[in-house]
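Residue numbers (the numbering used here): 24 to 282. Note that beta-carbon positions come from the ideal geometry of N, C-alpha and C, so glycine has one too. Notes follow the structure.
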Ligand SMILES: C[S@@+](CC[C@H](N)C(=O)[O-])C[C@H]1O[C@@H](n2cnc3c(N)ncnc32)[C@H](O)[C@@H]1O
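In structure tokens, the structure reads:
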């Protein structure tokens, strides 16, 4: 029985990338509109907060920036004021929208796009000064591998910024939020996107997602230090920032030579 449940969970995680890619593919054309409408445009403020916090943490001009799960490139475009950005995502329809937005923006030479999986990034170790990601972590089949990939492609001392949804702390706001999330949001999402499912998946994925303290611990295990979680809009969103410390594989290495 216990083994059966574990097998079911494993199957669920194995199917997750396919399910997630298909789901975002189905809503790509309406993603931006829904995002801004369902959050009353507060999502723009969260991305700006991420740019501001990371801006405080970088010491040199024009850092190389990677946006993982860039979707339609809102975060990549916002970060392009700090330095050149590569936005990667594994969903082609989302990247197609991103490509159009980048082409039409004044930042077209600052943002490049690439089809890639967050769990197997096609970049060498220590390729970037900054890694950012917004509302992607909860979609990953393996959050810890996601953090390890972020750490691997960052230079030591580089900055990490991760945005995710959270659960509000105050009971009344939490109740209202849960009610909106479970009853209103899936209905509006379905009406506008014309697809059943994705906006019902959102509340479930947020409710199942680990709390900020657990995220901090897991980012630490992946080799990040100075990790802080900022609660945005009463905890509806969480901004995790950190610095790339020693890669985990080197942590316990014993120095054998005396030099
Ligand atoms: C909720 S959207 C967020 C998009 C964008 N970051 C934003 O702030 O609007 C999640 C994005 O993550 C992408 N994604 C999810 N899992 C991924 C993975 N394993 N590799 C690459 N992209 C992934 C999805 O295709 C989707 O575009």
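According to the DSSP secondary-structure assignment, residue 91 is paired through a beta bridge with 111, 156. Between ligand 1 and the CB of residue 94, the shortest heavy atom gap is smaller than 6 Å. Residue pairing by DSSP leaves residue 236 without any beta bridge partner. Sequence-distant Cβ neighbours of residue 103 in its own chain, meaning closer than 7 Å and more than five residues away, are 130, 133, 134. Classified as buried, residue 172 has 16 or more neighbouring CB atoms from the shown chains inside 10 Å of its CB. With the rule of 3 Cβ pairs closer than 8 Å, the segment 150-158 does not count as touching the segment 122-129.
When secondary structure is reduced to three states using DSSP, residue 132 falls in the coil class, being assigned neither helix nor strand. Taking non-hydrogen atoms of ligand 1 into account, the C-beta of residue 114 is found less than 6 Å away from one of them.
Pairwise C-beta distances place the segment 250-258 in contact with the segment 190-198, as three or more of them are shorter than 8 Å.
In this structure, residue 205 lies away from residue 262, with their beta-carbon atoms at least 7 Å apart.
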